[in-house]
Amino acid sequence: MLAHEKISAAIRDANADGRTALVPFVTAGYPQPDEFMATLESIAGIGDVVEIGVPFSDPMADGMTIQRSSFAAIENGVTLRWIFEQLDGNHIDTPLLMMSYLNPLLAFGYEKLAERARETGVCGFIVPDLPYEESADLRAALEAQGLGLVQLVTPATPAGRRKMLAEASRGFVYAVTITGITGGDDGLPADLAGYLDAVTAASPIPVCAGFGIRAADDVRNVGRHAAGAIVGSALVEVLERGENPAEFLQSLTLAAR
Amino acid sequence: MLAHEKISAAIRDANADGRTALVPFVTAGYPQPDEFMATLESIAGIGDVVEIGVPFSDPMADGMTIQRSSFAAIENGVTLRWIFEQLDGNHIDTPLLMMSYLNPLLAFGYEKLAERARETGVCGFIVPDLPYEESADLRAALEAQGLGLVQLVTPATPAGRRKMLAEASRGFVYAVTITGITGGDDGLPADLAGYLDAVTAASPIPVCAGFGIRAADDVRNVGRHAAGAIVGSALVEVLERGENPAEFLQSLTLAAR
Amino acid sequence: MSSVIKSSESEELLQALLDGRLPDERGRFGPFGGRYIPETLVPAFERLEQGVREHLPSESFQEDYARELREWVGRPTALSFAPRLSERWGTEVWIKREDLAHTGAHKINNAIGQALLAKRLGAERVIAETGAGQHGVASAAACARLGLPCRVYMGAVDIERQAPNVDRMHRLGAEVFPVESGDKTLRAAIDEALREWVSDPAGIYYLLGSAVGAHPYPYLVRELQSVIGKESREQMTRQAGGLPDAAFACVGGGSNAIGLFYPLLNDPIELIGVEAGGIGNGLGENAATLATGTPGVLQGSYSIILQDKDGNVQETQSVSAGLDYSGVGPEHALLQAVGRVKYVAASDDEALEALEELCELEGILTALETAHAYAYAKKWSVDNPVKRVLIGNSGRGDKDMPTLTKYPPRTRKHAGA
Amino acid sequence: MSSVIKSSESEELLQALLDGRLPDERGRFGPFGGRYIPETLVPAFERLEQGVREHLPSESFQEDYARELREWVGRPTALSFAPRLSERWGTEVWIKREDLAHTGAHKINNAIGQALLAKRLGAERVIAETGAGQHGVASAAACARLGLPCRVYMGAVDIERQAPNVDRMHRLGAEVFPVESGDKTLRAAIDEALREWVSDPAGIYYLLGSAVGAHPYPYLVRELQSVIGKESREQMTRQAGGLPDAAFACVGGGSNAIGLFYPLLNDPIELIGVEAGGIGNGLGENAATLATGTPGVLQGSYSIILQDKDGNVQETQSVSAGLDYSGVGPEHALLQAVGRVKYVAASDDEALEALEELCELEGILTALETAHAYAYAKKWSVDNPVKRVLIGNSGRGDKDMPTLTKYPPRTRKHAGA
Ligand SMILES: Cc1ncc(COP(=O)(O)O)c(C=O)c1O
Ligand SMILES: Cc1ncc(COP(=O)(O)O)c(C=O)c1O
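Chains as they are written, first to last, in our numbering: chain B, 3 to 259; chain X, 3 to 259; chain E, 98 to 514; chain L, 98 to 514.
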């Protein structure tokens, strides 16, 4: 099984189990670098796939919460190199995804990136500022190691493009549920069901919904029309408040049934 | 004897007496309006001719001292009309001169001005912002009452114009000793003697030197080459300090011998 | 004005004006103008008058002047059609953009012209007065351009309300001399500059900033500012397809207004000068000299001035420092007396409102002075719909920000999410 | 740049540039440029690109644009010969006066052009980012002119150091949105504007202020700013009798520089872009992106950026808010890579000194950004005497007074008697 297939498989397993797959996101090394692996392991114990956010100085697609966590992590010396070092020799079974803006990946070098990812159990990447059209080089490098590049679709994506992106995506298709940035609390759009159904119909791999999923109700809502729910800002806020992330995720899994 | 001839005569009398004529200047109603006549009388007891300054809101040719006194007098309600009222029925023998900017005279009306002047013992006018070329109307009105319009000459006045002004002047010729404004304490110019001699030579009437005469030495210096010395800012400063103007003038008369 | 000009003379004077025969030899615009100055200043003014007579008409001066206007000042300034203002006012509005001239107002036309003259007259240094600071900045810039030292007299009150311009003058290498005497505004600054001039009439050139003062200043400044009207005339014909029905300019001393009006005097255009109506009609509450003043002599010329019955000059009040002056140029006094130009006032509030309207409809932040012209032009347009109007936009409003911040825009959005 | 462009490709790319064949279909200038944006923004950018393709070349757009430039912006801006600066530098100095454009900088050329486009694209409102505030003011003015609501994102740090421009934006009816995230300067403001755009890609037009960002902005802004170089070319030929030997422009994002350089690329003119050298050569001490940066992706395009070895963007330092940016337009990256334009840096101190020199010799108070171009042009002139140089005077310095007051002019005279 290729690395990115592990992601799809984990989601399908959850669904087969009667659950909406839960995909928690955590900014690497936040709030404290020395707690990173412990936090990751505890989250991976609950989530079906875990997204690790690589902090970046210019998180243009993120809301205030993730921005703050990103800046704090950078301040604390968290880098892509450091993250891989932490992941070295980990025993996490849950497939890991990295979410990173393009520039840190460029600086690291695509080939080395793919190698280190494979070595450390990272099965794929989400690169929010890399649209499909600019992604050929990175995709090639990742594919050489069996890794996936997750594509995003949005409610505003036209049908043709939606299909193209869904087919190009690996691991899962990231269906952005609102046309805003991460961390808004405007709730989910009214036509959510139709939208998610359409993405699912276009997609050969599972579809996970993300952006604005903050509570059990949200998970329940998207769970009816998507294979998985991505929980980002809400989880980072839990970490920010010094609360227990596992407890928070546990409360969502009830809804995921 | 015409009114303006009284001025010339008073100066000539002083000279005949072996003295430089002393021409003190006082801003009307300064520092206190109710002391005006007393101050004037005491000054007139020493000066050969007395200049009464009509306060004006825009004393462009005056230095800070006289500006200040002028503004203070206006604040205290001193106007040309008020000055004439004070002078009504006065018993001062010394010829009086009024020094006023043109606008208060325009506002008062030239004919009424000349009448009131004649009635109150004012023998002539000095109008610092009225050059000869613009003075025909005022001169005509004053002459109709025998009053004089004193012309000024300066060290920068060319010889031809100097002669013209000296001949047009009535009462005396006002020889400005410095090319600055009143109240400077730069002292008197080096070529003072030559300058005053030249004005005197051009003039059918006595020449009085003014601007920057502050002390006995100055009176002595100009006295060698002019018929009279005009003392303005220095006297106003004495009033400003609340000192006795008569005493100050007395100290100058010693030098005037 | 019946007291000053008999109606029989009026027509003759108007004709003399239209024929370009005024001022006369003595610097008179009919009864107005002349030269009321201390004898100490007579040689300085005679030298200046002679210099003006010799150099101003000379081809070499005019060439230099035209080149500086073109290459450095940025002339011709644009003529803007104002589509949204036109719609709002129900008329066709054209704007002559002196705000786009170097340093931000029409003042530079005069400053660079006189600085060129100062150079030709061999002056060692230049002094100037300023109210709003625009003329001070213009003088400082023109003197820098020509390598002349420059000192600007500015009232202490104006220094405070026009802080940005004070900084600009300093940057441009000029000395700003705070005037603490008199009313501490423009009038006191002029007096102080005149006093300084007396101290060295040969070495100093006094660069006066408006069409006021003793002859030859009103004439000199008019000639230098007439470029505004000349360009407008040509541009209206070319861009708007014809001359305006009415032209408006704000009037402080009157330099931008005379510059706009003079080349249009012979045309069938209603000309309207707008003064500062301040906070009310009472003496001391405004600077509406022509609208409410009486004849008198102030700072060198016989004109209309704001004064009390004893001839003391009245202090003025206006939200705009550049209009805050008790006198007005003598040519305007005549233009009013003979009925060729109408002079009206706009209040502080009306000016502020007009400034805001122009900003929001046309994206032009005009000077508070200029805003008075808009305020009245709007009124006029309501009474005279579907005409074509021309407004002399004498300067930009950047300098007024310290004042304007006291009057937050009514439509201001609130910052934050 | 050997790592990015093989020398065999270099000549070919230069030729493509000179032939006007760049950017290519994908918005690339050789390896640089492109479109690195979130999927959420893809429809917005596609709509924009299509709009640019449809409207920009259309006769009707070009007519409207030319008319706004002429009638409202005040173009052509003057080309000034600088006699005293020429003498001091020992060369012939010509200055392209974008400071005379409406609102005081070249930014308005772009702002009014894009606002016209926004109108054609049916946008309900406009958002913009600003650093020095010049682009914010220009956007506010252009939107007012066309009746579009406008919100300007501005870093909290910049809000403080460019206070006069904040006030002007408010007056012009724009909302100024303080950005407290990131570096609180231009970069954070762009991010914030992009985030906002995502919320309503159809209703919002994002009016980007420099030749940076994702395709089609670098192309669009270059096309709109090229009026600077086109006019300069024509004016130099007519006024100076020939093209310059060298042309200088300051480079922040690079819009005024590309506007000046692009129409001169085919001429035998040495082209030099001057970046902000800040307080030193160390990372974080300057904003000299091209001079000291490395390739990377920032805010939508692959270009040269200031970053650390981990790809985190470096904060910058410059006395001039408008140059204080860690990226640079991709076309400049290519122009440097192929050797057609040289990019250098001038330090804060050098810029301040140059600003002062220009003020005092030519009476032009230039923007702190622009002053960097003068600083290096002077150095170049000393090494290359008796040439003819052209400097793009991108804006005026009024907005910089709050900063400049911290650096009193060395020649400042003391007020008082
Ligand atoms: C922009 C502007 N307009 C008008 C004026 C008034 O002067 P004038 O009446 O001489 O044009 C000033 C004076 O400073 C000014 O700055
Ligand atoms: C006057 C001026 N020049 C230059 C710049 C730098 O921008 P660009 O490099 O896009 O021309 C700015 C930016 O605000 C500016 O205000």
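Here a beta-carbon is modelled for each residue, glycine too, at the ideal position from N, C-alpha and C.
- Using beta-carbon distances, E457 (chain E) counts as an interface residue toward chain L, with a partner under 8 angstroms.
- When only Cα atoms are considered, P505 (chain L) and A235 (chain L) end up about 28 angstroms apart.
- With a contact defined as Cβ atoms closer than 8 angstroms, A74 (chain X) and Y32 (chain X) qualify at about 6 angstroms.
- Residue contact with chain L for A109 (chain B): present (Cβ-Cβ distance below 8 angstroms to some residue of chain L).
- Within chain L, no C-beta atom comes less than 8 angstroms from the C-beta of L198 (chain B); the nearest is roughly 16 angstroms away.
- Residues of chain E with a Cβ closer than 7 angstroms to the Cβ of S177 (chain L) are, in chain order, E168 and W169.
- Using a cutoff of 7 angstroms, the CB of C456 (chain E) does not count as near ligand 1, since none of the ligand's heavy atoms is closer than that.
- Within the model, the alpha-carbon separation for A217 (chain B) versus V233 (chain B) is close to 9 angstroms.
- Under the rule that a run must span 4 or more residues, the alpha helix (DSSP H) segments found entirely inside the segment 205–264 of chain L read 231–243 and 253–258.
- Neighbours of T502 (chain L) in chain E, taken as residues at a C-beta separation under 7 angstroms, are given in chain order as D264.
- T391 (chain E) is bridged by DSSP to E:I402.
- By the CB criterion at 8 angstroms, D255 (chain L) and G228 (chain L) fall inside the cutoff.
- In this structure, DSSP gives F213 (chain B) a state outside helix and strand, which the three-state scheme calls coil.
- Per DSSP, reduced to three states, the secondary structure at G130 (chain E) is strand.
- Listed along chain B are P133, Y134, E135, T156, A158, T159 and R163, each with a C-beta nearer than 9 angstroms to that of V139 (chain L).
- In the three-state DSSP reduction, S352 (chain L) falls in the helix class (H, G or I).
- Contact residues of the segment 267–278 of chain L toward chain B are S278 (C-beta to C-beta distance below 8 angstroms).
- Contact between K193 (chain E) and L357 (chain E) holds, since their C-beta atoms are separated by about 7 angstroms, short of 8 angstroms.
- The nearest non-hydrogen atom of ligand 2 is 7 angstroms or more from the C-beta of E328 (chain L).
- In the structure shown, L115 (chain L) adopts helical secondary structure according to DSSP, grouped into three states.
- At least one beta carbon of chain X lies nearer than 8 angstroms to the beta carbon of Q396 (chain E).
- Taking the Cβ of E367 (chain E) as the reference point, every heavy atom of ligand 2 lies at 7 angstroms or farther away.
- Burial is judged here by how many other beta carbons sit within 10 angstroms of a residue's own beta carbon; K114 (chain X) has fewer than 16 and is exposed.
- Taking the Cβ of L108 (chain B) as the reference point, every heavy atom of ligand 2 lies at 7 angstroms or farther away.
- In this chain, the beta strand (DSSP E) harbouring I301 (chain E) covers I301 to L304.
- For the set L:N490, L:D161, L:V425 and L:N383, the Cα lying nearest the Cα of D446 (chain L) is the one of L:N383.
- Around the beta carbon of R21 (chain X), 16 or more other beta carbons sit within 10 angstroms, so the residue counts as buried.
- Under DSSP, M100 (chain B) forms a beta bridge with B:I54 and B:F127.
- For E87 (chain X), the number of other beta carbons within 10 angstroms of its own is below 16, and it is reported as exposed.
- In this chain, the alpha helix (DSSP H) harbouring P315 (chain L) covers Y314 to Q322.
- The Cβ of P261 (chain L) sits closer than 8 angstroms to at least one Cβ of chain E.
- The closest CA to that of A158 (chain B), considering only B:E169, B:I128, B:G150 and B:Y197, is found on B:Y197.
- Closer than 8 angstroms to the CB of D60 (chain X) there is at least one CB belonging to chain E.
- A direct Cα-to-Cα measurement between A215 (chain L) and G300 (chain L) gives close to 10 angstroms.
- D196 (chain E) is outside the set of residues whose beta carbon lies under 8 angstroms from a beta carbon in chain X.
- Annotated as proximal: V28 (chain B) and V238 (chain B), with beta-carbon spacing under 8 angstroms.
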